[in-house]
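Step one of this worksheet: look at the structure below.
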Amino acid sequence: MFYSHSEWSDYPYDNFQVLKTAFVSGFPSTILEIQSHRYLIDFLRMLQTDLTSGSERSIAWIDVSGKCFFPCSVHQPIAEEKGETQPPTSNKRVRISQEEEDVIPAVDVACIVKLDFNLIGMKLNEESVDYKKIKNIFMKGMREMDKKAKVTAIHCCLYKGAKRIERLQEFRRYMRLTELLRGDANVAYGWYGGSPQAVENFILHGFGELEYGRLHDGSSSKVGAYLYHEDYSHVASASHSEPDIDNEFHLVLCNVILGYTEQISEGSDQFGPSSGSFDNGVDDLRNPKRYLVWKTHMRTHILPRYAVSFTATKLSQGSTHAASSPSNKCTRTVK
């Protein structure tokens, strides 16, 4: 069913058969065409997204045993029909079983600190293995732009408290689901940059709770979030980073579930995967520099791991010297 005009409606029979086949086959999403319109039907997020306009509707279903599955954000019941039981108004979205896992990374911690942009994190000791590893990843790219760039601090993102623990566990669940479906979750490191406020909001709340018309990195929230390959910290910095009051810049190194990727052109008006065979997008299938995580996946497929604070002379001077944004063509090749 889909939710429209304050009520639930059944999909037409032919459309229902398409959705049923995709659902029972284990696909997390599928493409549905209705009267020349193409929609992304995301079973995991329980959303129908118009691939032309980007508008969304909630979806729901009732299984063969009569159990109801409705998104938590929608509480309107289905109209009761003769001989059928009306589902309760407090239907909870189906949840995948969780594993109890250690949520605090095993790192050498100097102390708990508070950054100038109010980010709570674990400041890593400069002699620790994790600090050296993340610094080397960061500097590998930054040397291409500014050899005088200097790391001032690296913080390991904390996952404490019920809400953030759930966020970590949800990422791990989707990682396992993608691996089961695709054979490989294709998890990569990706850099995200923005203003100090954007970086703080992203680490503390994730993309799923940002209600801006456009993301702070300049990309449209109707489309998704852009992150950069671990070797391209300089591109993420030059393209999106803004200094704080102390003229320091901040990038976030994230784990990203890419799954099966398709190549997406720079000016593409695509709002989601072209079919249920794909999860996210890249600029180049053989040598990706930039990742596009679709809006439907931003909250579940991106997990902040480390925040790198740094100074860079060329950034401070307003230099835009960096590798140019990769051009690309829309293809349908699976990585």
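Residue 274 in numbering that gives the first Met the number 0 is what sits at position 275 of the sequence shown, and the numbering runs on without skipping anything.
Cβ coordinates follow ideal geometry from the N, Cα and C atoms, glycine included.
Exposed unless 16 or more other CB atoms sit within 10 angstroms - verdict on residue i
i    : result
A197 : buried
Y259 : buried
Q47  : buried
G182 : exposed
N135 : exposed
N286 : exposed
S323 : Below a pLDDT of 50, predicted positions are generally treated as unreliable, and S323, at 36, falls in that range; no measurement from the model is reported.
D145 : buried
L179 : exposed
S35  : exposed
T312 : exposed
V128 : exposed
S240 : buried
R175 : exposed
D41  : buried
E335 : Residue 335 lies beyond the range of the chain shown here (0 to 334); nothing can be said about it.
Pairwise C-alpha distance: residue j and residue i
i    : j    : result
Y10  : T20  : 14 Å
H149 : E143 : First, the amino acid is wrong: residue 149 is Lys here, not His. For K149 and E143, the distance between alpha carbons rounds to 13 Å.
I153 : Y305 : 7 Å
F1   : G266 : 30 Å
F137 : D230 : 7 Å
S238 : V186 : 23 Å
L43  : I58  : 10 Å
V292 : P70  : 22 Å
E99  : L314 : A caution first: E99 carries a pLDDT of 32, below 50, which makes its placement in the model unreliable, though a value can still be read off. Distance between the alpha carbons of E99 and L314 is about 43 Å.
V251 : F277 : 25 Å
Q16  : L257 : 29 Å
Y12  : I244 : 59 Å
M297 : F206 : 6 Å
P195 : Q168 : 26 Å
V102 : G160 : For V102, the predicted model reports a pLDDT of 37, less than 50, meaning its position is unreliable; a value from the coordinates is still stated below. Looking at the two C-alpha atoms, the distance is approximately 10 Å.
P27  : L18  : 11 Å
V308 : N246 : Per the sequence presented here, residue 308 reads as Ser, with Val not at that position. Cα to Cα, the separation comes out at about 10 Å.
V108 : L284 : Its pLDDT being 38, under 50, V108 is placed unreliably in this model, and the value from its coordinates should be taken loosely. Rounded to whole angstroms, V108 to L284 spans 38 Å at the Cα level.
E199 : I133 : 19 Å
I61  : C67  : 5 Å
G65  : I33  : 27 Å
K162 : R172 : 15 Å
D268 : L123 : 41 Å
K147 : F22  : 53 Å
P272 : Y130 : 36 Å
G120 : P242 : 19 Å
W7   : R37  : 20 Å
M45  : S3   : 14 Å
C253 : V63  : 40 Å
S52  : E125 : 48 Å
A335 : T310 : As displayed, the chain neither begins before 0 nor continues past 334, which places residue 335 out of reach and without an answer.
C155 : N279 : 26 Å
Residues that DSSP places opposite residue i in a beta bridge
i    : result
N352 : No answer is possible for residue 352: the residues shown for the chain start at 0 and end at 334.
S57  : L46
T29  : I40
Y2   : W7
F309 : V150, F248
N254 : Y188, L302
Y227 : W190, R289
I69  : Note that residue 69 corresponds to Phe in the displayed sequence, not to Ile. In the DSSP output, where bridge partners are listed per residue, F69 has none listed.
Among the options, nearest to residue i - alpha-carbon criterion
i    : options                : result
V281 : L46, H296, H228        : H228
K294 : Q34, W7, D283, L50     : L50
S336 : Q34, E32, R56, G25     : The structure shown does not extend to residue 336, since the chain is modelled only from 0 through 334, so no value can be given for it.
T29  : D283, V23, S274        : S274
V255 : P70, V23, T299         : T299
G192 : V63, N14, W60, P303    : P303
I263 : V222, W190, R37        : V222
R289 : T312, P272, H233       : H233
K139 : E165, I40, W190, R171  : W190
M141 : T151, D268, A235, S8   : A235
G25  : T177, N124, C67, W7    : T177
L39  : V63, F68, I61, N14     : N14
S54  : I202, L123, F270       : F270
F201 : R172, L157, Y173, I61  : L157
Y225 : Y188, L203, S52, T310  : Y188
F248 : L203, T151, N279, H204 : T151
E165 : L203, C155, S52        : L203
I301 : S52, A184, F170, C155  : F170
Residue i at chain C interface by Cβ criterion, 7 Å
i   : result
L46 : Among the chains of the structure shown, chain C does not appear; only one protein chain is present.
Contact test: residue i Cβ vs the ligand COA heavy atom, cutoff 6 Å
i    : result
Q269 : Ligands displayed in this structure: none; no statement on the ligand COA is therefore possible.
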